[in-house]
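*Asks:* Can you read through this structure? Questions will come right after.
Number of protein chains: 2
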Amino acid sequence: MATLTDVAKKANVSKMTVSRVINHPEQVRDELKELVYEAMRELNYRPNAAAKALANKRTQIIKLLILEEMDTTEPYYMFLLTGIANELDKYAYSLQLLTRNNVQIGDSDGFIVCGMRKEDEELIKNLDKPVVLFGHNEMGEDFIDSNNEQSMAKATQYAIEEGYENIVYIGIDIDEPFAHAREKGYTKVMADNGKEACTYTLGNRSRYSAAFIKEHWNEFQKNTLFLCASDRLAMGVVREIKEQNGNIPEDYGVIGHDGVFLDQIAHPHLTTLKQSITEMGAACARMVLKKVNQDGKPQGNQLFETELKRGGTTR
Amino acid sequence: MATLTDVAKKANVSKMTVSRVINHPEQVRDELKELVYEAMRELNYRPNAAAKALANKRTQIIKLLILEEMDTTEPYYMFLLTGIANELDKYAYSLQLLTRNNVQIGDSDGFIVCGMRKEDEELIKNLDKPVVLFGHNEMGEDFIDSNNEQSMAKATQYAIEEGYENIVYIGIDIDEPFAHAREKGYTKVMADNGKEACTYTLGNRSRYSAAFIKEHWNEFQKNTLFLCASDRLAMGVVREIKEQNGNIPEDYGVIGHDGVFLDQIAHPHLTTLKQSITEMGAACARMVLKKVNQDGKPQGNQLFETELKRGGTTR
DNA sequence: TATGAAACTGTTACCGATAACACAACGATA
DNA sequence: TATCGTTGTGTTATCGGTAACAGTTTCATA
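Listed in order, the protein sequences are those of chains A and Y. Numbering-wise, the first sequence is residues 1 to 315 according to full-length UniProt numbering. Numbering-wise, the second sequence is residues 1 to 315 according to full-length UniProt numbering.
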């Protein structure tokens with residue numbers, strides 16, 4: 001592997017000049033810059049991350065802290081991970097995976113935290129390095145999230161346009177911002193269209209939503225659409241409607257939310273609001289790195305649109 | 001953060017002695033060792049990975065190369081990842097996630113490769129650092145895998161003991177060692193018990209197995225168990241049996257394989273052969289690190305047992 | 001033409017660890 | 001007692017970068 005020194009020799013300049021070309025190119029004459037770039041190309045120079053880290057008193061490590069229990073968790077973390085990892089890679093940063101049990105181990109330059117619940121505030125506040133959250137929060141931390149409200153608004157609008165007479169919202173029974181935002185998107189559009197909102201909330205398990213449908217089956221007339229706050233809930237709804245011999249999608253429609261894996265496992269495939277998790281992961285990575293380089297300066301937040309992906313559960 | 005030098009001062013020895021206590025403790029007198037340990041504890045010393053990496057001409061990075069397409073992939077990679085990451089963490093190593101598209105980027109001390117197919121041999125052979133595969137292979141590379149043959153043998157045995165008269169094997173239609181091993185486990189136990197093997201292979205999609213059941217429904221008498229090479233196939237089978245109004249688990253049994261996520265999504269939960277992916281991940285990590293420290297010396301392979309996890313699809 | 005600020009570029013020291021070598025203390029051997 | 005191998009510890013140089021400072025060139029200005 002070629003080093004800075006090799007490049008410097010080849011370009012007939014000092015190591016420092018090469019280092020500058022990389023980190024502060026504006027301080028170097030164009031002429032020399034060209035020479036250096038040329039030498040780097042010829043030698044296929046790749047900076048040594050360890051040396052860089054040592055000199056900068058950095059670790060070149062970002063930790064990803066996953067607070068959710070993984071065995072109950074949906075597989076979207078895989079996408080998040082690749083999104084983050086690939087982006088970090090570009091800056092010679094690497095990713096370290098943490099769970100609740102090993103936060104304290106070792107050093108890093110920053111954190112990305114996901115699966116956070118309210119009771120984790122304390123934990124987050126104790127982190128001594130720049131933090132970006134994956135998921136909305138109200139404690140003022142920078143975050144990346146889906147635009148949950150807009151997402152559900154879009155779905156509701158779509159359901160109305162498709163002519164579903166009754167639109168029932170099945171939300172998640174948890175006091176977290178994302179859950180409220182999703183519900184709000186629904187109620188707002190319903191109100192705007194002079195329709196009456198009909199909202200239920202359940203624990204996020206397909207058997208709960210299945211049980212719910214079973215119990216209330218006679219209340220649901222034909223031409224009803226069930227707008228669910230997660231694909232998991234949507235799956236339970238679909239399952240029970242089929243059990244009751246209801247017709248999907250003619251008489252009953254179902255829309256889920258998340259669009260990661262579950263929607264494709266379901267039969268028929270779910271109509272869902274798909275999040276672009278990989279992109280959001282990349283955004284998380286960019287945001288922490290920026291924050292690291294700006295000495296922890298707040299970066300605000302960034303919301304991503306979801307895509308309405310039509311499956312076999314709506315007409 | 002305390003450094004080697006700090007510890008050395010506190011213990012009244014040279015840096016080198018401290019370094020030795022860490023890396024070659026047998027070369028240091030017990031008396032001094034105690035002093036050093038004491039100092040390390042008091043200062044809460046954590047070695048600086050970057051410095052270590054630089055001095056050792058290592059990167060302290062292991063790359064995980066995932067060759068499968070992730071959107072069709074089951075979420076067990078999350079478990080694999082945490083298994084690997086947590087283990088690497090213990091040795092101040094970090095994990096870098098790669099997909100097919102960015103193998104060449106940057107440096108590392110070793111590779112863990114998973115989702116490998118035969119056509120990837122070339123790619124693997126070109127890796128210039130120690131490699132451990134997750135998944136059986138016949139190219140002589142060290143690997144970690146489930147004991148697929150034994151796993152299916154166990155399931156077959158179980159099905160026989162439970163009194164299922166006919167046991168049909170639904171395998172995956174792919175020419176890879178794991179697929180053959182699973183089938184072999186089945187056929188062997190069937191032969192040993194004087195029963196006739198009945199084997200089909202399909203593409204690994206639930207709609208294929210569902211279609212298959214539909215097509216052959218009249219051939220399957222009551223008291224048949226379907227032993228499937230994946231939970232995905234098992235899900236399709238369950239779906240179609242229900243569709244045909246077959247009784248699960250009384251008249252028809254279904255056993256899947258993998259035990260990661262899908263078995264829990266299915267309704268009822270699948271009886272499946274659960275792999276302990278997290279442990280296997282840790283084993284991968286240990287193996288590459290050992291290989292790295294032994295200059296690439298072959299490590300052989302390691303097979304993990306699966307656990308027969310009873311769900312609602314067998315009696 | 002002398003002068004000083006601005007714009008570049010080079011030198012030195014250092015980040016925190018380790019290997020290789022140098023050296024001291026020790027007991028065993030002749 | 002002189003010599004030697006062992007064992008244990010310290011010294012030095014080095015890994016590949018970067019910041020801080022020092023030195024040089026350039027050019028507008030007096």
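Positions of the beta carbon are idealized from the N, C-alpha and C atoms, including for glycine.
In three-state DSSP terms, what is A/HIS180?
*Replies:* If DSSP states are grouped into helix, strand and coil, A/HIS180 belongs with the helices.
*Asks:* Could you check whether A/ALA49 and A/ALA92 sit closer than 7 Å to each other, using their CB atoms as the reference points?
*Replies:* Closer than 7 Å, so yes.
*Asks:* Taking only beta-carbon atoms, is A/LEU123 less than 7 Å away from chain Y?
*Replies:* With 7 Å as the cut-off, A/LEU123 does not count as an interface residue toward chain Y.
*Asks:* Among residues of its own chain, excluding the 5 on either side of A/THR5, which ones have a beta-carbon nearer than 6 Å to its beta-carbon?
*Replies:* Hits under 6 Å: LYS15.
*Asks:* State the Cα-Cα distance for the pair Y/CYS114 and A/ALA85, rounded to the nearest angstrom.
*Replies:* Cα to Cα, Y/CYS114 sits roughly 17 Å from A/ALA85.
*Asks:* If A/GLN96 and A/ILE61 are in contact, beta carbons under 8 Å, what's the gap, nearest whole angstrom?
*Replies:* Between A/ILE61 and A/GLN96 the Cβ distance is about 5 Å, and since that is below 8 Å, they are a contact.
*Asks:* Under the three-state reduction of DSSP, which class applies to Y/GLU305: helix, strand or coil?
*Replies:* In the structure shown, Y/GLU305 sits in coil (DSSP, three-state: anything other than H, G, I, E or B).
*Asks:* Would you tell me roughly how many angstroms separate the C-alpha atoms of A/THR3 and A/LEU270, rounded to the nearest one?
*Replies:* Those two C-alpha atoms are separated by around 53 Å.
*Asks:* For chain Y, is any of its Cβ atoms less than 7 Å away from the one on A/SER94?
*Replies:* So yes, A/SER94 belongs to the interface.
*Asks:* Taking all protein chains shown into account, do 16 or more other C-beta atoms lie within 10 angstroms of the C-beta of Y/ARG182, making it buried, or fewer, making it exposed?
*Replies:* The residue in question, Y/ARG182, is buried, as its Cβ has 16 or more Cβ neighbours within 10 Å.
*Asks:* Helix, strand or coil: how does DSSP classify A/VAL18 here?
*Replies:* Looking at A/VAL18 - three-state DSSP - the assignment turns out to be helix.
*Asks:* From the beta carbon of A/TYR77, is the nearest beta carbon of chain Y less than 7 Å away?
*Replies:* Chain Y contact via Cβ: present.
*Asks:* Could you name the residues of the same chain whose beta carbon sits closer than 8 Å to that of A/ILE248, not counting the 5 residues immediately before and after it, in chain order?
*Replies:* Same-chain partners within the cutoff: VAL238, ILE241, LYS242, VAL254, PRO268, GLY312 and THR313.
*Asks:* According to DSSP, which residues form a beta bridge with residue 366 of chain Y?
*Replies:* Within the shown structure, residues of chain Y are numbered from 1 to 315, placing residue 366 of chain Y beyond reach of any answer.
*Asks:* Exposed or buried, which one is Y/GLY185 when buried takes at least 16 other CB atoms within 10 Å?
*Replies:* The residue in question, Y/GLY185, is buried, as its Cβ has 16 or more Cβ neighbours within 10 Å.
*Asks:* In chain order, which continuous runs of the alpha helix (DSSP H) of length 4 or greater are located wholly inside the stretch 108-152 of chain Y?
*Replies:* Counting whole runs of 4 or more residues, the stretch 108-152 of chain Y contains the alpha helix (DSSP H) stretches 121-125.
*Asks:* Please determine, among A/GLY110, A/LEU233 and A/CYS228, the residue with the shortest C-alpha to C-alpha distance to A/ARG207.
*Replies:* The residue with the shortest Cα to Cα distance from A/ARG207 is A/LEU233.
*Asks:* Leaving out the 5 sequence neighbours to the left and right, which residues in its chain are closer than 8 Å to Y/GLU162 when beta-carbon positions are compared?
*Replies:* For Y/GLU162, where only same-chain residues beyond five positions count, the Cβ hits under 8 Å are LEU225, GLY253, THR314 and ARG315.
*Asks:* Just how far apart, CA to CA, sit A/ASP142 and A/ASN44?
*Replies:* The alpha-carbon atoms of A/ASP142 and A/ASN44 are separated by roughly 37 Å.
*Asks:* Going along chain A in order, which residues have a C-beta closer than 9 Å to the C-beta of Y/HIS267?
*Replies:* Here the neighbours are SER206, ARG207, ALA210, MET235, GLY236 and ARG239.
*Asks:* Per DSSP, Y/ASP263 is paired with what?
*Replies:* Partner(s): none; Y/ASP263 has no beta bridge.
*Asks:* Taking Y/THR313 as the query, report the chain A residues whose CB atoms sit under 8 Å from its CB, ordered along the chain.
*Replies:* Simply none; closest approach about 15 Å.
*Asks:* Helix, strand or coil for Y/ASP258 per DSSP?
*Replies:* Strand at Y/ASP258.
*Asks:* So with Cβ pairs under 7 Å, would you call A/THR306 a contact of chain Y?
*Replies:* Answer no: the Cβ-Cβ gap between A/THR306 and chain Y never drops below 7 Å.
*Asks:* Hey, does A/ILE172 have any beta-carbon neighbour from chain Y nearer than 7 Å?
*Replies:* It does not; no Cβ of chain Y falls within 7 Å.
*Asks:* Taking the beta carbon of Y/PRO25 as the centre, do at least 16 other beta carbons fall within 10 Å, making it buried, or is it exposed?
*Replies:* Its Cβ having fewer than 16 others within 10 Å, Y/PRO25 is exposed.
*Asks:* Could you check whether A/GLU165 and A/ASN223 sit closer than 7 Å to each other, using their CB atoms as the reference points?
*Replies:* Taking 7 Å as the Cβ cut-off, A/ASN223 and A/GLU165 qualify as a contacting pair.
*Asks:* For a test of the three-state rule: what should DSSP assign to A/TYR77, helix, strand or coil?
*Replies:* In this structure, A/TYR77 counts as helix in the three-state DSSP scheme.
*Asks:* Cβ closer than 9 Å: which chain A residues qualify as neighbours of Y/ASN166?
*Replies:* Result: empty, since nearest Cβ-Cβ is about 26 Å, beyond 9 Å.
*Asks:* Where does Y/MET1 land, buried or exposed, given buried means 16+ other C-beta within 10 angstroms?
*Replies:* It is exposed - the Cβ of Y/MET1 has fewer than 16 other Cβ atoms within 10 Å.
*Asks:* Comparing the C-beta of Y/LEU65 with each C-beta of chain A, is any distance below 7 Å?
*Replies:* Chain A, which has no Cβ nearer than 7 Å to the Cβ of Y/LEU65, makes this no.
*Asks:* From this set, Y/VAL288, Y/GLY256 and Y/ASP89, which residue's C-alpha is nearest Y/ILE172's C-alpha?
*Replies:* Taking only the C-alpha atoms, the option nearest Y/ILE172 is Y/GLY256.
*Asks:* Assuming A/GLU178 and A/ASN148 form a contact by the criterion Cβ under 8 Å, report the distance between their Cβ atoms to the nearest whole angstrom.
*Replies:* This sequence places Phe at residue 178 of chain A; Glu is not what is there. Yes, they are in contact, since the Cβ atoms of A/PHE178 and A/ASN148 sit about 5 Å apart, within 8 Å.
*Asks:* Got a sec? Which residues, its chain only, sit under 6 Å from A/PHE79 by beta carbon, not counting five neighbours each side?
*Replies:* Excluding residues within five positions, the ones whose Cβ falls inside 6 Å are ILE277 and THR278.
*Asks:* Flag Y/ALA153 as yes if its beta-carbon sits less than 7 Å from any beta-carbon of chain A, otherwise no.
*Replies:* With 7 Å as the cut-off, Y/ALA153 does not count as an interface residue toward chain A.
*Asks:* Which residues in chain A sit within 7 Å of Y/PHE261, going by Cβ to Cβ distance?
*Replies:* Neighbours of Y/PHE261 on chain A, chain order: PRO75.
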